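A.B. asks:
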Amino acid sequence: MSKEKILSIALTIAVFVFTIYLGFSNYQEKKQLKKDKAELFGKIEQLEQNIAKNNQIIADNEQSKRELENQSLERQERINEQLKNNDCANQFVPVSISSSLYNRAKGLRQSTDTSQSIK
Numbered sequence: 015m016s017k018e019k020i021l022s023i024a025l026t027i028a029v030f031v032f033t034i035y036l037g038f039s040n041y042q043e044k045k046q047l048k049k050d051k052a053e054l055f056g057k058i059e060q061l062e063q064n065i066a067k068n069n070q071i072i073a074d075n076e077q078s079k080r081e082l083e084n085q086s087l088e089r090q091e092r093i094n095e096q097l098k099n100n101d102c103a104n105q106f107v108p109v110s111i112s113s114s115l116y117n118r119a120k121g122l123r124q125s126t127d128t129s130q131s132i133k
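Just so you know, we're using the numbering used here here: the sequence shown kicks off at 15 and counts up by one.
See the structure below:
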């Protein structure tokens, strides 16, 4: 056989081996991509479930907050009604006591305000 024929056969074999290598490499990469895709979809599904749970918790908290506010308003109305005919209701309240009550109510109000923490 001539040198050219041997070189041609060697080149053909090299191209064939290189094609098989590329095909196998492509197959392995495709297989890994499918695995990664399935894993990512699983993580996305888990995150969506967490979001749904968190949204339910937020909705429940908002409902509880509204109920507590309504109860507070009802109690305040009852207190106001009871104080209507009470002589001490028109008496001066010392500043230290009124400030303390105001700050306590303000603190309670802020601790239930979820609108600022949700962004």
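A virtual CB, placed ideally from N, CA and C, is assigned to each residue, including glycine.
Please read these numbers as outputs of a predicted model, since none were measured by experiment.
Would you mind reading off the limits of the alpha helix (DSSP H) that contains F32?
C.D. replies: From DSSP, the alpha helix (DSSP H) with F32 extends over 17–97.
A.B. asks: Between V107 and S113, what straight-line distance do the alpha-carbon atoms span, to the nearest angstrom?
C.D. replies: 10 Å
A.B. asks: Do you know how far the Cα of Q90 is from the Cα of D101?
C.D. replies: 18 Å
A.B. asks: In the structure shown, what three-state DSSP assignment does V107 receive?
C.D. replies: It is coil, neither helix nor strand.
A.B. asks: Consult DSSP for N100 and reduce its assignment to one of helix, strand or coil.
C.D. replies: coil
A.B. asks: Reducing DSSP to helix, strand and coil, say where L122 ends up.
C.D. replies: helix
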